[in-house]
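Engineer: Each residue of the sequence shown is one higher than the one before, starting from 504 at the first, in the working numbering.
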Amino acid sequence: MNSRAERILAILLVVLTFAAYWRVLGNGFVNFDDPDYIVDNHNIRHGINVRSIGWAFKTTLGSNWHPVTWLSHMLDYKIFGLRAWGHHFTSLLLHIINTFLLFIVLRRVTGAAFKSFVVAGLFGVHPLHVESVAWGAERKDVLSTLFWMLTMLAYVIYAGLDQRNSRGKFAAYLCVIGSLALGLMSKPMLVSLPFILLLLDYWPLGRFGVRLPSVGGEPLSGNRFLLIRQAKHLVVEKLPLFALSAASSVVTYLVQERTGAVSPLEYCPLGPRVANAAVSYIGYLFKAICPTHLAVFYPHPGLTLPLWQVIGAGATLGLLTIAVLWVARTKPYLAVGWFWYVITTVPVIGLVQVGAQAMADRYTYIPLIGVFIAAAWSLPEVSTGNKQEGIFPSSSACLLGVSGISWFVATIVLLAFAVMTWIQVGYWRNSITLFSHAIAVTQRNDVAHYNLGVALAKLNRENKAVRHFSAAVRINPNNADAQYNLGCSLAKLGRLDEAELAFREAIRLSPQDADAHNNFANLLLQQGKLNEAEMEYRRAISLNPEDPHLRQNLVALLLKKGKIKEAVGQLAPALESNRDDPYAAFNLASLLAEQKRYAEAIPHLRRAIRLKPDYAEAHYNLGVMLQNIGNMGEALVEYQEAVRLKPKFAQPHNNIAIILFMRGDYTGAWRELRLYEELGGKPHPDFVRALLSKMQKPSR
504 MNSRAERILA ILLVVLTFAA YWRVLGNGFV NFDDPDYIVD NHNIRHGINV RSIGWAFKTT
564 LGSNWHPVTW LSHMLDYKIF GLRAWGHHFT SLLLHIINTF LLFIVLRRVT GAAFKSFVVA
624 GLFGVHPLHV ESVAWGAERK DVLSTLFWML TMLAYVIYAG LDQRNSRGKF AAYLCVIGSL
684 ALGLMSKPML VSLPFILLLL DYWPLGRFGV RLPSVGGEPL SGNRFLLIRQ AKHLVVEKLP
744 LFALSAASSV VTYLVQERTG AVSPLEYCPL GPRVANAAVS YIGYLFKAIC PTHLAVFYPH
804 PGLTLPLWQV IGAGATLGLL TIAVLWVART KPYLAVGWFW YVITTVPVIG LVQVGAQAMA
864 DRYTYIPLIG VFIAAAWSLP EVSTGNKQEG IFPSSSACLL GVSGISWFVA TIVLLAFAVM
924 TWIQVGYWRN SITLFSHAIA VTQRNDVAHY NLGVALAKLN RENKAVRHFS AAVRINPNNA
984 DAQYNLGCSL AKLGRLDEAE LAFREAIRLS PQDADAHNNF ANLLLQQGKL NEAEMEYRRA
1044 ISLNPEDPHL RQNLVALLLK KGKIKEAVGQ LAPALESNRD DPYAAFNLAS LLAEQKRYAE
1104 AIPHLRRAIR LKPDYAEAHY NLGVMLQNIG NMGEALVEYQ EAVRLKPKFA QPHNNIAIIL
1164 FMRGDYTGAW RELRLYEELG GKPHPDFVRA LLSKMQKPSR
């Protein structure tokens, strides 16, 4: 930035963007993807080390391969834990940096400070971008865009260096490759970036062998043969970048296809995909101009799109493309802006359908930059009658070299969008506000009803949850998650027969869902159908053998049926698969104790205590095991520790009294027995008589 005015513009961008988004720091996490990415993801809780880095590069969690994004979540957890404001702060900081870098890049490459400010301002405060910033799970948007901006900046530097400075150009090109690679490992949205660099070569860099137009749009001119030859050179120059994008595209498709994220053609045929893509292209443009009725999820219309909408959208796309090509020589920014929008939207337009949404606000985070460029570079022409803009002209009629009308229009639009963004951020406060709003502004939104039901069920508002789960099922009877959660809520309300129907339907729709089988088994257990419940528990374990909690449920049932030996056999694998779970170790020890295998139980109780030192019940049970094998001294220590950790724990006092009696400390035995009684315990009459035979009960 070469002037005080430009520094002021940059500061204004930062202040305006922060003002529009500051409420995000008071928002929590939502139940849509945030649990998988942050809240319930234990893989991000170990800090950044060799093991966690290896996991980040191997995992396909979230149906994506984005290791750099996982590393950013790990760093956030290391700093902030699960305090939501910290995660939101990082995303907001990245968004502000992206806004600033966009201004820097455009200012550097065009020399037009005001227009660059308008583009960056629109990017910073447009309501369509709230989803990318306010949603914790969408860290990949703001992080990958940071590398997009750095790639563009490095490329602009590379393009501006003299050919004789080969070392400098090589270093700059390496920065381009490195930034693109990091961006692709944050989110594959950057696969279109090499094409955008070609657009920048055309305008404003003017690397096609033609004159760079002025900010006001001086006509391009040049030899057609020279244009073609230079175009070939520019494409060859970017072959390494295209190779990176191609590799990322292949990896992304394979990951999403293998994890079941890609909808098969029989579920969503190609025709409806193309139709929805055309309508979505126009829909995004309408929302760019009038960003109202924004929702976290827009249901896919499938075969229900009216033909007139499809034809109208297709015709509009064709006419707009013809129009920008018609004026490309005199107004190259229109062509660059339009094709920026069209090209960058291709990966997310739904031709390869991932998920059930028709469109998504987050998909516009990068594409709308093209629309903003076309709008900003058109603004002075519309407002000043084709007069060229300078940075500091002598005319007193202009402020910072821009007409008052242009400033007025830009200010009104930016402030209006900032206020709308401020309002939209509020809807992301929690899952209830988010999905209630989505239901209010969309129609037949089963996903919104389902997620609102989940949020209500978490607050034990089961009656309201049932209403929303039922609405989701009515809208989409094939929503297995809604059927499953409907069953869970109905079971909690005691409506067991209705819950059974919901669980059976959920399992029919998703037979590989271990949780559905497990909770259906819980319901059958409530109904007294023990044999069928056992079958469902075993089915759940076969689907997810690594989950120790499933085995523990089966163990409880086997104990109820008196199959203690088989219960021990089930719990041992559960402990092996989850060696960090103190409760699994405790439960296995308890089962061994029931079989009088006290010596075998002791190591498991010691492990439980090592994992959870304040586990009073484990200390008590360890004392019992030690007492049973005759180790009274250690048993006494464990009982005393149990009482220290849990002062109102009655049973240890009784056992301490017995040991003290055996040692001849009758006064101490009476003291412990009195404490036992005060805490609600009832001493065994035989023990009381034995103690009385040695010493009368002391008065208080």
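For glycine and all other residues, C-beta sits at the position ideal for the given N, C-alpha and C.
1. Can at least three beta-carbon pairs, one atom from the segment 775-783 and one from the segment 809-817, be found at a separation below 8 Å?
2. Between which residues of its own chain and Ala-734 is the CB-CB distance below 7 Å, once the five residues before and five after are set aside?
3. Could you check what DSSP says for Lys-1197 in three-state terms: helix, strand or coil?
4. With Gln-946 as the anchor, note down where its alpha helix (DSSP H) starts and where it stops.
5. Rounded to a whole number of angstroms, what is the C-alpha to C-alpha distance between Phe-698 and Trp-925?
6. Using the three-state DSSP reduction, which class does Gln-860 fall into: helix, strand or coil?
7. Look at the alpha carbon of Tyr-524 and the alpha carbon of His-796, and state the distance between them as a whole number of angstroms.
8. Mapping DSSP to helix, strand and coil, what is Ser-881?
9. Under 7 Å Cβ to Cβ from Ala-1070, same chain only, skipping five residues before and after it: list those, please.
10. Under the rule that 16 or more other beta-carbon atoms within 10 Å means buried, what is Ile-1132, buried or exposed?
11. Quick check on Pro-707: does DSSP put it in helix, strand or coil?
12. Would you mind giving the Cβ-Cβ distance between Trp-843 and Ile-876, rounded to the nearest angstrom? I have them listed as a contact below 8 Å.
13. Return the bridge partner residues of Val-765 from the DSSP annotation.
14. At which residues does the alpha helix (DSSP H) containing Pro-1116 begin and terminate?
15. Spatial neighbours of Asn-988 within its chain, please: C-beta separation below 8 Å, excluding the five flanking residues on both sides.
16. Starting from Thr-914, trace the alpha helix (DSSP H) in both directions and tell me its first and last residue.
17. Which residue or residues does DSSP assign as beta-bridge partners of Pro-1210?
18. Kindly indicate which residue of Tyr-801, Gly-817, Ala-826 and Tyr-784 has the alpha-carbon position closest to the one of Ile-846.
19. Can you tell me whether DSSP reads Arg-1192 as helix, strand or coil?
20. To which residues of the same chain is Leu-744 closer than 8 Å at the C-beta, ignoring the five residues directly before and after it?
21. Tell me which residues share the same chain as Phe-560 and place their Cβ nearer than 6 Å to its Cβ, disregarding the 5 neighbours each side in the sequence.
22. Per DSSP, what kind of secondary structure is Thr-563 in: helix, strand or coil?
23. What are the start and end residues of the alpha helix (DSSP H) that includes Tyr-1213?
24. Can you give the beta carbon distance from Leu-837 to Val-849, rounded, assuming they're within the 8 Å contact cut?
25. Taking only the alpha-carbon atoms, compute the straight-line gap between Ala-1036 and Ala-941 and give it to the nearest angstrom.
26. Go through its chain and collect everything with a Cβ distance to Leu-999's Cβ below 7 Å, but skip five positions before and after it.
27. By alpha-carbon positions, which one of Leu-822, Asn-1056 and His-1122 ends up nearest to Pro-1085?
28. For Glu-1175 versus Ile-1159, is the C-beta spacing smaller than 8 Å?
29. If we call anything under 8 Å between Cβ atoms a contact, is Leu-595 one with Val-527?
30. Could you tell me the alpha carbon to alpha carbon distance between Ser-1013 and Trp-910, rounded to whole angstroms?
31. Going straight from the alpha carbon of Leu-664 to that of Val-553, what length do you get?
32. At which residues does the alpha helix (DSSP H) containing Val-827 begin and terminate?
33. Verify whether the separation of the beta carbon atoms of Val-851 and Tyr-866 is less than 8 Å.
34. So what does DSSP say about Arg-1177, is it helix, strand or coil?
35. To the nearest angstrom, report how far apart Phe-1190 and Gly-1167 are at their CA atoms.
36. On a CA-only basis, which of Leu-564, Ala-798 and Glu-1120 is nearest Gln-860? Give me that one, please.
Structural biologist: On the basis of the supplied data:
1. Three or more Cβ pairs drawn from the segment 775-783 and the segment 809-817 lie within less than 8 Å of each other, which places the two stretches in contact.
2. Same-chain partners within the cutoff: Phe-711.
3. helix
4. No alpha helix (DSSP H) contains Gln-946, which DSSP labels as neither H nor E.
5. 34 Å
6. Three-state result, Gln-860: strand.
7. 18 Å
8. helix
9. The answer, listed in chain order, is Val-1058, Leu-1061, Leu-1062 and Leu-1094.
10. exposed
11. coil
12. 7 Å
13. Val-857
14. Pro-1116 -> no alpha helix (DSSP H), and no H or E assigned at all.
15. Tyr-953, Gly-956, Val-957, Ala-960, Ala-968 and Phe-972
16. Thr-914 -> alpha helix (DSSP H) spans 907-930.
17. As shown, the chain starts at 504 and ends at 1203. That puts residue 1210 outside it, with no answer to give.
18. Tyr-784
19. helix
20. Val-679, Ile-680, Leu-683, Leu-696, Pro-697 and Leu-700
21. Pro-570
22. coil
23. Only positions 504 to 1203 of the chain appear in this structure, which leaves residue 1213 out of reach.
24. Their Cβ separation, rounded to whole angstroms, is 19 Å, which puts Leu-837 and Val-849 out of contact at 8 Å.
25. 38 Å
26. Leu-1026, Gln-1029 and Gln-1030
27. His-1122
28. yes
29. Contact: yes.
30. 57 Å
31. 39 Å
32. 810-829
33. Their beta carbons are under 8 Å apart, which means Val-851 touches Tyr-866 by this criterion.
34. helix
35. 14 Å
36. Ala-798
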